[in-house]
Every structure is written in C-alpha cells, then in structure tokens.
Amino acid sequence: MGQAIVEFSKLSKRFGKIQALDGLDLELEPGQIHGFLGPNGAGKTTAIRVLLGMLRADSGRVRLFGADPWNRAVQLHRRLAYVPGEVTLWPRLTGGEVIDLLTSLRGATNEQRRAEMIERFELDPTRKTRTYSKGNRQKVALVAALASDVDLLVLDEPTSGLDPLMELVFQQAVAEAAARGTAVLLSSHILAEVEKLCSQVTIIREGRTVESGSLQQLRHLTRSHVVLGSDIPAHVLAGLAAVHELHSQQAVHRFSVEPDGIEEVLAILRGYAVHSFSCTPPSLEELFLHHYTSAGR
Amino acid sequence: MSARGAGRHALPTQGTGTLAGAGVLWRSMLRTSRWGIAIWALALVGLLYYMALAVNEVLGAQGLQARAAIIGLPAGAMLSGPGYGLDNYTLEVMVANELLGLYAVMVGIMSLRLAVRHTRTDEEAGRTELLRALPVGRLAPVTAALATCLLANVVVSGLMLAALLLLGFPLPGSVGFCLGLMLVGLVFAAIGALCAQLSSSARTAASLAGAVLALAYLLRAVGDASEPGGNVLSWLTPVGWIQQQRLFVEQRWWPLLLVVAMLIAVGLASFLLQQRREVGAGLLPQRAGRDRARALGRRVIGVGARLDRGRLFGWTVSILVAAVLTGSLAGPVADAFRDLPQLQAVLGLRGGQAALQEIVVAAMATFLVFFAMVVAIFAVQGAHRLRRDESLGRVELLLATAVSRWWVMGSQLLLNVAGCAWLLVIAGFGLGVGAQPGMGEAVLGTFIAAALWNLPVVACWLALSMLALGLGRGAVLVWIGLVACIVVGMYGPLLNLPQSVLDAEPFTSVNALEIVHEQASMLVPAGYALAAAILAALALILYSRRDLGR
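Taken in order, these protein sequences are the chains called A and B.
This note's numbering runs 104 ahead of the 1-based position in the first sequence.
This note's numbering runs 12 ahead of the 1-based position in the second sequence.
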C-alpha cells in the first residue's frame, strides 16, 4: 500500500464549550472512494476544514499527501479540489466565470472536461450566480472541481441540492474520476449514494470515529435478515444462539442472524425440506442506525 | 369549499389581506434593530445637545455673529444652509442653519439602511420566502419595514425635541426642526424601500438610495451657495425644503407639505411595485453574462478589482462632482473677502492681494482635509467585502485552491490603497479644476500633490479595518474611531475639547498644502505611512494564523 492521502489520527478541535472533534481517526488510501458518514453536528465539516487548513487542530495528527495542511496549504491545494455543502458564490459573476476562476487558481483547467461537465450537469454558464438555485450553485462548484486534474476530491455533502437525475450524473462523474485514479473523500447523508460509490466507510459520532473499514467488513458486524420457508420446527431454530428475533408463521420463519451464524443455520437445515431461502445483508442504513441508536446514549 | 369550511382552517388571530402578519413582522424587526436604533438616537441627540452647549461656551454671542459672516459666504453656505437670520445669528438660528442639513443626511442614512435591511437584505437571504410561505400578506414585509423606520424616526425626533426644549429653544421652531427631520427620515426610508424593489441586490439598493440622498444634499448645497436664501436648486429636494422653513426666523410651515407629498408619492410607488413583483425578483433586468472569465477574472486580484469596481466608480463620480463644486467656491470666497473689509478685520488680516490669496488657499486646505476624511470612509469599507466573503463561505472556496491567505488579504490591501490614492487624486483634480478660474493661477498639480500627501493617514484607516478582520472582529470600533475623528476634525474648535484631543485628531495634522510648498516637514505623513505599514503587516500575520470561520 502506498502512502495514505488523508490521515487523521486522534484529531481534536474545540470551539468554546463545544467539543467538535474528539479523537477522530480516518485513513484514505490512493484510489479509494471513502464515505464519511455521521449525523448533523457530528464534526464532518469541521474535520474537512481542518484537512483544508482553514482550522488548526487542537491536538492529534493530520496529514494531507503526507504533509501538514496548516503549514503547506497552498502547495497541497494544487492537488485537490473541494466542494462545500453550502455553496455561496459571488453574485455578480456568472457561473462560467466562477468555474474559470476556481480552476485557474488551482492550476490548469481541463478544457475538454469542463465543457463536458457543463453539458452533463445542464448548467447555463452565462447566468449571474445570484439567479442560481442552490442546486445550480452546487453544480458550479462540482463542475469546477471535476474540470481540474487533481489527486483528491473533497466533497462535503455535495448533492444536497441536486435532483435525482443530476445525482445520477454526479455519481457517474465521481466514479469516472475514481477510475482515473483520483481519491475521493465523500461526506454524505445519502446512504444509498455512499453504498453505491464508496469502497471504504468511516462513521463518526460526536467527533469520534465509531466505525471504519470496508463496507464488507462493516457488514460483518451486523446481523443479516433471513426469510426461510421450511418445515423445520420453530423451537429448533430458536435453540441456536446466533438466531434472534424469530417470527414463525406456519412454515415461514423470519429471523435475523449474526454474521458468523449463517453457516450454523445452513448446517441444521440439512434433513429438513427447504422451499425458499433468502438472506439479506444489512444495508448501510441499518449499520448507520445501529451505531446511532444502540451504541450508547 | 364553503365559507364555514374555510373559516375552520383559517388561522385564528391573523387577517387574510395583503397586510396579514405585518404586526408580527414588525415586532421581530424591532427586536433585531432595537440596539441600532438606540445607538443612532443617542448619538444624534447627544451630539446635537453637546454641540449647542459647546458653541455657546466657545463662541458666545459675538463669536456667533462673526461666524455668521463666514457662514454667509458661498463656501459656508454650501456646508450649512440657506442662511436665514444671519444678521441676528443666535444659537438656535445657528443650529437650524448649520446642523439641519447635516442631520437630514444622518437620519436619511439611518432610515434608508433600516428600510433596505428589512426588505431586500431579508429577501436576498431567503428569509422573506420563508415568511411569505406563512400566512403573511404580500405587503406585510414592506409595511413592517416602513413601520420600523417610522418608530426609529419618532424616537430620534422625539428625543431631539426634548433636547432642544431643554436648551431653551422656542417651541414652534423646535417642532419644525424635529418634524422636518422625521419627515425627511421617512422619505428616505420610502426611497430605500423603493430602491429595494428595483434591484435584486441589497447592496445595489442601498447604494442607489444613498446616491439619491447625496444628490439631494448636493443640489441644495449648490443652490444655497449660489445666493443667500438659495435658488431654485434649493427647492428641488426634501433636504432643501426643511431648511426653507426659516426656522427661528420668520418660520413658515408650508414647505413641510412638500415633504409630506413626496413621502406619499414615494411610499405609494414602493407599495405598488411590491404588489406586482415576484419574491426574489428585481425590476431592473438581469442580463446574461460571459460564459468564460477573462484573463484578469482568473486571478484573485483581478476578481477583487472586478467586484469592487462598481463601488469605486460610484465614489469617483461623487467625489469628482463634490470637489469641482467645492473648488469653484474659490472665486466667490475671494470676492466676498475683497468686498468685506470688516471681515478681514475680524480674521486679523491686513489687506493686499497676497493675504486674500492666502485665505483662499487656507480654505482649500480645509476642503482637502474634508475630502481626506471622505476617502477614509472608503478605506474603512475596504475590509468589508472580505469579511462578508468569509462569513458566507466564499473565502473558503478560494482558499481551498492554491491561494495563500497572505494574498487573499494582501490583494485586497493593494486594491484599496490604489483605490484610496485614486480617489485622493480625483479630489485634488476636482478642487484644482474648480478653483483654477477663481484663483487665477495653475493649481491643478499643487492640489493633486497635496491631496496625495493625505494617503498615509487614509492608509492607516484601511490597515486598521484589516487589522480588525485579522483579529476576526467586526469593524465597529474602527468606525466609531473614524466618526469621532471626523467630528473632532470638522467641529473640534466648536466642541470645547482639551487641546490634547484636538492634537490627537489625525486628519488636520497633515498640512498637505504646506508640504507641497515646502513650508512644512513631511515627517508627519512619513510617520503615518510607517504606522500603516506596521498595522497592515500585523493584520496579514493575524489573518494567516487564525481559524477561518463562516
């Protein structure tokens, strides 16, 4: 594995009485699309702003391309593009002018991709940005980010104003960027989007990392849902330690099963007639809810 | 749906007309603006009260009469009023003649800012949309905003009436003074609301209304300077109208009717526009722009220049017009002195062309100081855009690219220093062009050079406002300091202040014209230049070291 592109370790940041970050850990490897999840106020935006050198961390370590983003912000920013969640633009400039400004300040503009993205996002670049809706302002920032050739995209809830069609365009564009080798840090609320795009996920809560790893690994931590059509008696199933929340009705059994327990269930079914069997791994939403409802409070 | 059915769903306490909800809005506006209104009221009334006391102390009856001679000159009339009652210049006549115009501008600024803030600023920020989705009538926001302005003006003029009566001024004149100010305040509140209908940007709306106010003051200034009692130009604007009441002399009330008529007309116009307009829209058209940025628009400094050029243009035009008009007073000033030997005696001058010339030059030096103060206002505004960009997250967008914080602030410093220098040159140029015929010699170069010697002082104010930004603070303290210095600089001798306070005031400490004539050392401006450089460096260091926030 190469050197990590983003590295937070035990990151802390306090604003007055509010502990915004409280020992955050995150590691983003080259080529990854890394989902950054957490409810409102969990500290996602604060972490990103520390990463961009806008804020200085109180303690802990932060590395961007292996260097300190507070001291070397300008050099490091040539290699990344950032889309904030709440995009405010200069009302007197047109969308096209803002795109050119941001891409030029970052370095060179990829002219071909600029034109392509404007078309795909259906953006009118001749309009003054004061006439844009929230979604259109977000598109300006997205086009400006995607039209630069960078090693890292930092996206902070970038689709909150986009309609479903545009969100699809966004997902394709990000996937293409990743295919070119760009790493992506995607902070998001939209779990379906993260599930679709991201290979790695970090879930934070109250400024602290509660879960981090590949989606597959995370799924292993949570029970799958099973719907089983079989003549096996309910009490046999209930006897298994890995089986929970069993509801049996005639010959249909619904239950959840611990990640390591599936094999055990399959083994015990031998000798019984099985009409149907479906096993659904936990969705990201369930993972998310699991961490935010059960993990203490 | 039947009437009964509809009634069941209607909200109980609110009407359903275009004014529904105005009362609730009004209360919430008052809550946001109450401190601002209180500060305006206390500052305006306190200054008036103190000034009246101090003038009495410093000048006395004889001094006032001597002052009347100067105020009657075109230059004096320009900065004061039409000059009724100059032959018996009592304290109340002086207050009415010299302060009513100034105060009209002050309440005008207060009112138009309040009006724009509670109409277009809210609309631009999307707050109006939120409100209009509630059972709030179409005209409710503008009505509530104007009611807020009404309350502010009632508070200011009510307190002022109390102050005037406390000073022992006659009742009818005092009422005319305060009623006039209240009506002018309301007219400019209505103008502010009207401009907020025209433009979809709060900043443009406020500038537009401010330009109308400046024009109103300027027209009467030229009119009053042209002949005693003013000419037709003095009768074109509300500021002129309330001065034409001849307060404390042979008072007449009817000019106030003109103000009332204008108030009704402008107020109706803004209501009509509001009734027809869509939320968020302006009436001035939005044109399509460029789809690609020019080369300059791809650089921080280029975009900064582009975003500030409208502001600079407005300032340039205002300063140029004001400077040419002020400069053109040189001829009348000289004539008046030539015709009035007794005035020369009052001022301790012994005849001769050279002495006259000296007086004119001294007058021009005073005007230069005045323009330096005006440019300092531009300077203190210099950090405003960056502060706003930070609070709205636009600075974040820039700094996430390969741009350093040094350059984000540094480019703005450079642009504003250049802007200040340009405006000073314009002021010197305008004064020179205006004064040349009257002074009968080539003064253009002299005035421009002299104006530029004020740049270090002005740059200090710019650096101070940047320092406030570097500290992550608002510029309120800088503004208070600037206003204090301007008041001390303009009215210092009248205010009965200790000499040390007068000496500490920076603008008059630079004897720019004397420096040009090599009669004064350039040490003072050099000192200010050094101070400005140190303050600016400090601002840059602090800005690059602090957390940037929304």
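Heads up, the beta-carbon is just placed ideally off N, CA and C, and yes, glycines get one too.
None of the values given here were measured: they were computed from a predicted structure.
CB residue i to CB residue j, shorter than 7 Å?
i              : j              : result
A335 (chain B) : L443 (chain B) : yes
A177 (chain A) : R218 (chain A) : no
L322 (chain A) : T286 (chain A) : no
I137 (chain A) : C302 (chain A) : yes
S169 (chain B) : L193 (chain B) : yes
A248 (chain A) : I308 (chain A) : no
F140 (chain A) : T306 (chain A) : yes
Q255 (chain B) : G93 (chain B)  : yes
G301 (chain B) : T230 (chain A) : yes
L132 (chain A) : V110 (chain A) : yes
S316 (chain A) : Y376 (chain A) : no
L115 (chain A) : A161 (chain A) : yes
A66 (chain B)  : V128 (chain B) : no
G311 (chain A) : Q123 (chain A) : yes
S423 (chain B) : I553 (chain B) : no
R399 (chain B) : L479 (chain B) : no
F567 (chain B) : W327 (chain B) : The structure shown has nothing for residue 567 (chain B), since chain B only spans 13 to 562.
T207 (chain A) : T198 (chain A) : no
A395 (chain B) : P468 (chain B) : no
P195 (chain A) : R234 (chain A) : yes
P386 (chain A) : T313 (chain A) : no
Q242 (chain A) : G211 (chain A) : no
L280 (chain B) : Q209 (chain B) : no
S352 (chain A) : A338 (chain A) : yes
L259 (chain A) : V191 (chain A) : no
A388 (chain B) : W473 (chain B) : yes
E299 (chain A) : L180 (chain A) : no
Which chain A residues sit within Cβ distance under 7 Å of residue i?
i              : result
A566 (chain B) : Past the edges of chain B, shown from 13 to 562, lies residue 566 (chain B), and the structure says nothing about it.
D99 (chain B)  : Simply none; closest approach about 54 Å.
E408 (chain B) : M158, P188
V315 (chain B) : L205
Kindly list, in the order they appear in chain D, the residues whose Cβ is closer than 7 Å to that of residue i.
i              : result
D204 (chain A) : Given the protein chain composition of this structure (A and B), no chain D is represented.
Between which two residues does the beta strand (DSSP E) carrying residue i extend?
i              : result
Y186 (chain A) : 184-187
S291 (chain A) : 287-292
In chain B, which residues lie with their C-beta within 9 Å of the C-beta of residue i?
i              : result
R196 (chain A) : S213, G301, R318, L319, G322
K300 (chain A) : By Cβ distance, chain B contributes nothing, its closest Cβ being about 26 Å from K300 (chain A), past 9 Å.
Starting from residue i, follow its DSSP beta bridges and name the residues at the other end.
i              : result
H329 (chain A) : A:S360, A:T384
R312 (chain A) : A:R309
K117 (chain A) : A:L125
E131 (chain A) : A:E111
Q304 (chain A) : A:H138, A:S318
V378 (chain A) : A:S334
T198 (chain A) : A:K232
T213 (chain A) : A:S252
So which residues of chain B does residue i contact, with C-beta pairs closer than 7 Å?
i              : result
S208 (chain A) : R310
R224 (chain A) : Within chain B, no residue comes near R224 (chain A); the closest Cβ sits about 16 Å away, beyond 7 Å.
E211 (chain A) : The residue you asked about is not Glu; residue 211 (chain A) is Gly in the sequence shown. Under the 7 Å cutoff, chain B gives A414.
Chain A partners of residue i, CB-CB under 9 Å?
i              : result
S416 (chain B) : A177, V178
Which residues mark the beginning and the end of the alpha helix (DSSP H) in which residue i is found?
i              : result
V258 (chain A) : No alpha helix (DSSP H) holds V258 (chain A); the beta strand (DSSP E) holding it covers 256-260.
C207 (chain B) : 183-210
V522 (chain B) : Unbroken run through V522 (chain B): none, as it is neither H nor E.
R399 (chain B) : 396-403
N68 (chain B)  : 34-83
E104 (chain B) : 103-106
N165 (chain B) : 152-178
R406 (chain B) : 406-411
G279 (chain B) : 267-288
Q276 (chain A) : 268-283
G95 (chain B)  : Element bounds for G95 (chain B): n/a, residue is neither H nor E.
H181 (chain A) : 177-181
For a contact meaning CB atoms closer than 8 Å, what does residue i contact in chain A?
i              : result
R405 (chain B) : Inspection of the sequence shows that residue 405 (chain B) is occupied by Gly rather than by Arg. Chain A residues near G405 (chain B): P188, E190, V191, T192.
D559 (chain B) : M158, L159, R160
What residues of chain B sit near residue i, judged by a beta carbon separation below 8 Å?
i              : result
T230 (chain A) : A300, G301, R302, D303
The ligand GDP and residue i: does any heavy atom of the ligand fall closer than 6 Å to the residue's C-beta?
i              : result
F112 (chain A) : This structure does not include the ligand GDP; it has no bound ligands of any sort.
Just list the beta strand (DSSP E) runs in the segment 136-175 of chain A, keeping only unbroken ones of 3 residues or longer that don't cross its boundaries, in chain order. 137-141, 163-168
What ranges does the alpha helix (DSSP H) occupy inside the segment 304-344 of chain B, keeping only unbroken runs of at least 4 residues that lie completely in it? 312-339
Residue ranges of each alpha helix (DSSP H) run of no fewer than 4 residues wholly in the segment 332-373 of chain A, ordered along the chain? 338-342, 366-373
Entirely enclosed alpha helix (DSSP H) segments - the segment 406-460 of chain B, minimum 4 residues: 406-411, 417-451
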